[in-house]
Amino acid sequence: MEQDPLKSAWQQATGESGNKQAGDLRAMAGKRSYPVLKGIRRQLTIECLGYAAFLLVYYDFFDGDKRPFFLNALLVAAVAFMLLHNAAGYWVIKDPLQAGSLQQSLQTYLQKLRQYAAVSITSRLLGIAALLIFFMASIHWTSTKYWILAGGLLVLALQLLLLYRIWAGRIKQLGGIVAELGRPE
Numbered sequence: 026m027e028q029d030p031l032k033s034a035w036q037q038a039t040g041e042s043g044n045k046q047a048g049d050l051r052a053m054a055g056k057r058s059y060p061v062l063k064g065i066r067r068q069l070t071i072e073c074l075g076y077a078a079f080l081l082v083y084y085d086f087f088d089g090d091k092r093p094f095f096l097n098a099l100l101v102a103a104v105a106f107m108l109l110h111n112a113a114g115y116w117v118i119k120d121p122l123q124a125g126s127l128q129q130s131l132q133t134y135l136q137k138l139r140q141y142a143a144v145s146i147t148s149r150l151l152g153i154a155a156l157l158i159f160f161m162a163s164i165h166w167t168s169t170k171y172w173i174l175a176g177g178l179l180v181l182a183l184q185l186l187l188l189y190r191i192w193a194g195r196i197k198q199l200g201g202i203v204a205e206l207g208r209p210e
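Here it is as structure tokens:
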């Protein structure tokens, strides 16, 4: 008796060959709409509009005209990097199935997910660093402000640690599925 009903159903659906090809899976997936992708597109659109609005007003609202050019360029580059990161995430998630068997597709997807996780954590760190550098450039520092900065950096470090753990959990879960699919019955 099979413990996992999903695995049992998959084995029954694959028939004698034991393998569904990616084309078959694409055809099955094409019959449904993708509400998750629709939500991701909506979030990406909202974030793009928010970042664009920020870039339109930061020069006047946050005294970008009084700051050196390299700080303005750093801020614009950080925002552009965050936008590219979001778009890359959408493309990674959009088409997880590749040529070959389900296991091969999942292995390829797992590798893409590992790379994207590293980019995700790095982009978050670089984006926050660029924002901090831009906004801290004209501050007159006192001991109280240093303590506030230390507290903020501690919170940011905890958020990055949490983000790392979330990605590690996702990758571990998918890795377990890939390993389980690779085991002979």
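Numbering (the working numbering), first residue to last: 26 to 210.
In this text, a Cβ means the ideal position worked out from N, Cα and C, and glycines have one as well.
Item to check | Proximal residues to ARG92 (C-beta, below 8 Å), its chain only, five neighbours per side dropped | outcome: Same-chain partners within the cutoff: PHE159, ALA162, SER163.
Item to check | Endpoints, the alpha helix (DSSP H) within which ARG208 is located | outcome: Looking at the DSSP string, ARG208 is not in any alpha helix (DSSP H), and its letter there is neither H nor E.
Checklist entry - Is it true that the CB of LEU109 sits closer than 9 Å to the CB of TYR83? => result No, they are not a contact pair.
Next on the checklist: Using a 10 Å radius around the Cβ and a threshold of 16 neighbouring Cβ atoms, would you call MET53 buried or exposed?
Outcome noted: Because the pLDDT at MET53 is just 48, under 50, the model does not fix this residue reliably, and the value given afterwards should be weighed accordingly. Counting of Cβ neighbours within 10 angstroms places MET53 among the exposed residues, the total staying below 16.
Next on the checklist: Taking the beta carbon of ARG208 as the centre, do at least 16 other beta carbons fall within 10 Å, making it buried, or is it exposed?
Outcome noted: With fewer than 16 other CB atoms across the displayed protein chains lying within 10 angstroms of its CB, ARG208 is exposed.
Next on the checklist: Using a Cβ-Cβ cutoff of less than 8 Å, which residues in the same chain neighbour SER145 once the five nearest sequence positions on both sides are dropped?
Outcome noted: Same-chain partners within the cutoff: HIS110, GLY114, LEU188, TRP192.
Next on the checklist: What residue range does the alpha helix (DSSP H) around THR167 cover?
Outcome noted: Run containing THR167: none; DSSP gives neither H nor E here.
Item to check | Spatially closest choice to LEU199 from LEU127, LYS63, PHE87, TRP116, by CA coordinates | outcome: Ranking LEU127, LYS63, PHE87, TRP116 by Cα distance to LEU199 puts LEU127 first.
Item to check | Backbone CA spacing between PHE106 and THR169 [nearest angstrom] | outcome: CA-to-CA, the gap between PHE106 and THR169 works out to about 32 Å.
Next on the checklist: Measuring only the C-alpha atoms, how far is ALA155 from ALA204?
Outcome noted: Straight through space, the alpha carbons of ALA204 and ALA155 are spaced by roughly 40 Å.
Next on the checklist: Restricting to Cα atoms, I'd like to know which of ALA102, PHE95, ILE173, ARG149 is closest to LEU186.
Outcome noted: Closest by alpha carbon: ARG149.
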